[in-house]
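Notes for the one structure printed next.
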Amino acid sequence: MHPATPPTAGAPAGRSHRTPRRRLLRGLVALAVAAPLVLGAAACGDDDSAGDDGKVKLSIFWWGGEARAKLTEDALALYTKKNPNVTFEKTWQANQGYFDKLATLTAGGNPPDIFQIDDNYLAEYAARNTTLDLTSYSDSGKLDVSKFPKSLWQYGVVDGKLAGLAAGENTQGLVYNKTLLTKNGLPEPTTGMTWEEHIAWAEQVAKKTKIPGTMDPSADYKAFWVWLRQQGKDMYKGTELGFTVEDVTKWFELWKGARDRGATPTPDVIHEGNATDITKQLVVTGKAGTSWVWVNQMPELKKNTKDELGVVAYPGDPSAQWARASMYWSVFKGSKHKDIAVDVLNFLANDPEAVKILGTDRGLPSNLDLRRVVSDDTTDPAMKQSIAVETELAQKFGQSPQVPIKGHSKVRAELIKAAEEAQYGRLAPAAAAALFMDACKSAIA
Amino acid sequence: MALTTVPDPTRRGTGSARAHAPHGVAGRIRQSEGLAGYVFLSPWLIGLMAITAIPMLLSLYLSFTNYDILTPFSEVEWVGFANYERMFTSDPSYWHAVRVTLTFALVAVPLKLAAALGVALLLNRAWRGVGLFRSLFYLPSLLGGSVALAIVWVNMFNRDGAFNSMLALFGIEGKPWVNDPDWALETLMVLAIWQFGAPMVIFLAGLKQVPTELYEAASVDGAGRWRQFRAVTLPMLSPVIFFNLVLETINGFQGFTAAFVLSNGTGGPVDSTLMYTLNLYIKGFTDLEMGYASAMAWVFLIAIGVITAVFFSTGRFWVHYSDGEDR
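Chains A and B, in that order, give the protein sequences.
Counting from 1, position 142 in the first sequence corresponds to residue 1085 in the working numbering; the numbering is continuous, with no gaps.
Counting from 1, position 284 in the second sequence corresponds to residue 266 in the working numbering; the numbering is continuous, with no gaps.
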């Protein structure tokens, strides 16, 4: 491009008598090239067509697999059937990358009206006022949480605001390979076993079957959390950490002991277990006898193995576990159709037909009346078992902890790093614990 | 080669023949052509502005703020140089990522170039079926930064992957390469080196340009193969080596996909594959610290710029541009 020829608007008009046809032709061609681009860009800005005719289109976004997509779409179709003026723009994807996408959508000023979220990010979004405060709706009864266990819906309260509606309930569950144990004449683990007993049991399994009895959960925040609560501590207290470096050291040492005794897999396999999603948990890939998951994930695990699976609470006193909201539905604060969006939330939680369709895919139904109906109707044996275990544990649940604070996802990542430093033997438990504490402090600052 | 930026008025041939058209009537025609040129360019120009220039400037602004993605722009707070300060003074993971990236680039780039040049030399002969081999060696780099390839790689270098099965044939016990913090980065280096096809093709093109007379003259003077390589091939090829070196270094620093796939986006095991760009991505999208991530991106841009400038300033000591007059 020659610098001496700026494209001034007046210049070409003054010389229009010069080679007009060729210039016209050139102009037309150039226009043909440029026009679609400009028009395309204009078309992008105009997608908000709701309103005039009373028709409303709500966007809804969740993570999960195909089974969940099917159930959710069916339940939403039912809502549209009952409310023909409301339709949905449904988007779903795998868990990995979901929150990147959600954040990007929010940044682009185009977040979904309704989105699925978990306790990992709820406080992040609530603290930044991205989620609609549902308190007034639940006060007025438009959002009915009266049939929910109190501790469950309260697990959606952040800074005094109801930021998310529990889409289901779950709790920590230790899933074990029943087939492996019975084949080798080994006892099954039971709820209430101490941590020492669990590790001794796992060692016994490893000796007999050559398969390590248990995954090493030292990098797993939910196992660490249960253990902390059994020590009278907690993950968070207000805006502070609820534990000390001594606690972390003790936790890492407990599992160093287990590794030294051969009760757990080798560090690289543990790392695989730390990094993988639900379908490749070590209990289904046959690399460990037990995996540390959520009770409601049992049926999903069962789909990936031929072996029989069993599920019990994490070791120690089960009252350290709580009715956790497996995930929430939240409404975007800037949504143009807040009231309708909240009504959809209410429908998904309290409409008998919708709850029946959704089943236990997102955890046990939050509405206790409907939970009973759903569990009576279930035919899937794995699901039946997970419901039975969770219902039984529910009798023993302790009080729910506060929703994890802003920075929790970083704390989780730092725990994995520090625990792996210890697992690979690169750091002693005490040094790894000190590293973790330092990292936590800047994570939640 | 597109990289011959050294201005040389004696050059002919590869430069634009129309670069110095006379002014006058022709100048006016050129002016209107210039306008049409801009209109034709407009899709690209609009793209450049909308997709590159504006976001870049915005990220420069954001690097001085506490932008966290979720907060609207209007509520973003100006924090001055706090992000840059944090990077240089109080973020150990930042310097860890810098170390990982430097290690990766310092090992992978020279080896990749050596492999590319070596294979190019082998394939620069008139064998039967040499074309097939050229295609085969080029194939891996066609798959480029693909996610599928990285997934295959991870499975090959697992504890029970194909690579260890092969080692077992020789009675060697393998390691869980990708899941071992001491070996995960090396596995990524091997992947990068294996994809030497693109520089190889460029080397091949460069080798074809070396006049055979020079080799004939050299062999008349009694130079052996090695001497010919050093005295003829290398100097004649130096602009191409320079081009590949600059490009591959920049590529090496920007490695992301394979590290992301191998570590499930975490940089693990134990941060061993925490490349600079991956760390930046985690900070921006997982930790929601987009302001800080923007600052990291700008420091990265400047660092790569400095490294490239250093290459260019040393280039005149070893890069030999033949003027091609005798062609």
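Ideal Cβ placement from N, Cα and C applies to all residues, glycine included.
None of these values were measured; they are calculated from a predicted model.
Chain A contact for residue i (CB, 7 angstroms cutoff)
i, result
"Asp269(B)", "yes"
"Asp162(B)", "yes"
"Thr290(B)", "no"
"Pro158(B)", "yes"
"Arg207(B)", "no"
Below-7 angstroms beta-carbon distance, residue i vs any chain B residue
i, result
"Pro1054(A)", "no"
"Lys1384(A)", "no"
"Leu980(A)", "With a pLDDT of 48 at Leu980(A), under the threshold of 50, the predicted position of this residue should be treated as unreliable, though the coordinate-derived value follows. True, the Cβ-Cβ gap to chain B drops below 7 angstroms."
"Gly983(A)", "At Gly983(A) the pLDDT is 44, less than 50, meaning the model places this residue with poor confidence; the figure from the coordinates comes in the next sentence. No, because no Cβ of chain B sits closer than 7 angstroms to the Cβ of Gly983(A)."
"Asp1159(A)", "no"
"Asp1102(A)", "no"
"Asp1043(A)", "yes"
"Gly988(A)", "For Gly988(A), the predicted model reports a pLDDT of 39, less than 50, meaning its position is unreliable; a value from the coordinates is still stated below. Chain B contact via Cβ: absent."
Proximal residues of chain A, C-beta to C-beta of residue i below 8 angstroms
i, result
"Leu52(B)", "Ala1046, Thr1049, Ala1050, Glu1067, Tyr1068, Arg1071 and Thr1073"
Contact belief for residue i with residue j at Cβ below 8 angstroms, rounded distance in angstroms
i, j, result
"Lys1085(A)", "Asn1289(A)", "7 angstroms"
"Leu270(B)", "Asp50(B)", "5 angstroms"
"Ala1166(A)", "Thr248(B)", "About 18 angstroms separates the two Cβ atoms, so there is no contact after all."
"Ala1206(A)", "Leu1252(A)", "In fact, because the Cβ distance is near 19 angstroms, the residues do not count as touching under 8 angstroms."
"Ile1154(A)", "Arg1204(A)", "About 15 angstroms separates the two Cβ atoms, so there is no contact after all."
"Ala1010(A)", "Asp1381(A)", "Not a contact, Cβ separation roughly 42 angstroms."
"Thr296(B)", "Ile232(B)", "Their Cβ separation, rounded to whole angstroms, is 16 angstroms, which puts Thr296(B) and Ile232(B) out of contact at 8 angstroms."
"Tyr66(B)", "Ala277(B)", "5 angstroms"
"Leu131(B)", "Leu125(B)", "5 angstroms"
"Val1029(A)", "Ile1387(A)", "Wrong, their Cβ atoms sit about 40 angstroms apart, outside the cutoff."
"Leu1378(A)", "Ala1362(A)", "Not quite, the Cβ-Cβ distance comes to about 10 angstroms (not below 8 angstroms), so this is no contact."
"Gly234(B)", "Phe86(B)", "6 angstroms"
"Trp1138(A)", "Gly1216(A)", "The pair is not a contact, with the Cβ atoms about 18 angstroms apart (cut-off 8 angstroms)."
Contacts that residue i makes with chain B (C-beta to C-beta distance below 8 angstroms)
i, result
"Arg1369(A)", "Pro163 and Val252"
"Lys1121(A)", "The contacting residues do not exist; Lys1121(A) stays about 25 angstroms from chain B at best."
"Glu1363(A)", "Pro163, Gly250, Pro251 and Val252"
Partners in chain B for residue i, counting only beta-carbon separations shorter than 7 angstroms
i, result
"Lys1353(A)", "Asp269"
"Ala1356(A)", "Thr248"
"Ala1360(A)", "Note on identity: in this sequence residue 1360(A) is Lys, with Ala being the wrong assignment. Result: Val252 and Asp253."
Chain A residues whose Cβ lies nearer than 9 angstroms to that of residue i
i, result
"Arg141(B)", "Thr1209, Asp1211, Val1212 and Glu1215"
The region 1210 to 1239 of chain A: which residues have C-beta closer than 7 angstroms to a C-beta of chain B, in chain order? The residues in question are Asp1211, His1214, Glu1215 and Ala1218.
Pull out every residue of the region 240 to 251 of chain B whose Cβ sits closer than 8 angstroms to any Cβ of chain A, in chain order. Against chain A - using a Cβ distance shorter than 8 angstroms - the residues of the region 240 to 251 of chain B are Ser245, Asn246, Gly247, Thr248, Gly250 and Pro251.
Are the region 1018 to 1025 of chain A and the region 1296 to 1308 of chain A touching, with three or more C-beta to C-beta distances below 8 angstroms? Contact between the region 1018 to 1025 of chain A and the region 1296 to 1308 of chain A is present, because at least three Cβ pairs lie under 8 angstroms.
Validate contact between the region 1334 to 1348 of chain A and the region 1142 to 1160 of chain A using beta carbons, cut 8 angstroms, 3 pairs: In short, these stretches do not touch, since the Cβ pair count stays below three.
With three or more beta-carbon pairs closer than 8 angstroms as the criterion, would you say the region 1097 to 1114 of chain A touches the region 1255 to 1274 of chain A? A contact exists between the region 1097 to 1114 of chain A and the region 1255 to 1274 of chain A.
Three-pair Cβ contact test at 8 angstroms for the region 218 to 235 of chain B versus the region 263 to 277 of chain B: Output reads no: the region 263 to 277 of chain B does not touch the region 218 to 235 of chain B.
Can you confirm whether the region 1172 to 1188 of chain A touches the region 1226 to 1242 of chain A when touching is taken to mean that 3 or more C-beta pairs between the two stretches lie within less than 8 angstroms? No contact exists between the region 1226 to 1242 of chain A and the region 1172 to 1188 of chain A.
Do the region 134 to 143 of chain B and the region 155 to 167 of chain B touch if we need at least three Cβ pairs shorter than 8 angstroms? A contact exists between the region 134 to 143 of chain B and the region 155 to 167 of chain B.
May I ask you to verify whether the region 1042 to 1062 of chain A touches the region 1307 to 1319 of chain A, counting CB pairs closer than 8 angstroms and requiring at least 3? Contact fails: fewer than three Cβ-Cβ distances are below 8 angstroms.
Taking three-plus beta-carbon pairs below 8 angstroms as touching, is the region 51 to 63 of chain B in contact with the region 144 to 153 of chain B? With a cut-off of 8 angstroms, the region 144 to 153 of chain B and the region 51 to 63 of chain B do not count as touching, because too few Cβ pairs lie within range.
Three or more beta-carbon pairs under 8 angstroms between the region 1090 to 1103 of chain A and the region 1215 to 1229 of chain A, yes or no? They do not touch, by the three-pair rule.
Give a yes or no on contact between the region 80 to 100 of chain B and the region 174 to 188 of chain B, applying the rule of three or more CB pairs nearer than 8 angstroms. They touch, by the three-pair rule.
Is there contact here, the region 1274 to 1283 of chain A with the region 998 to 1015 of chain A, by at least three beta-carbon pairs under 8 angstroms? Because the criterion of three Cβ pairs below 8 angstroms is met, the region 1274 to 1283 of chain A and the region 998 to 1015 of chain A touch.
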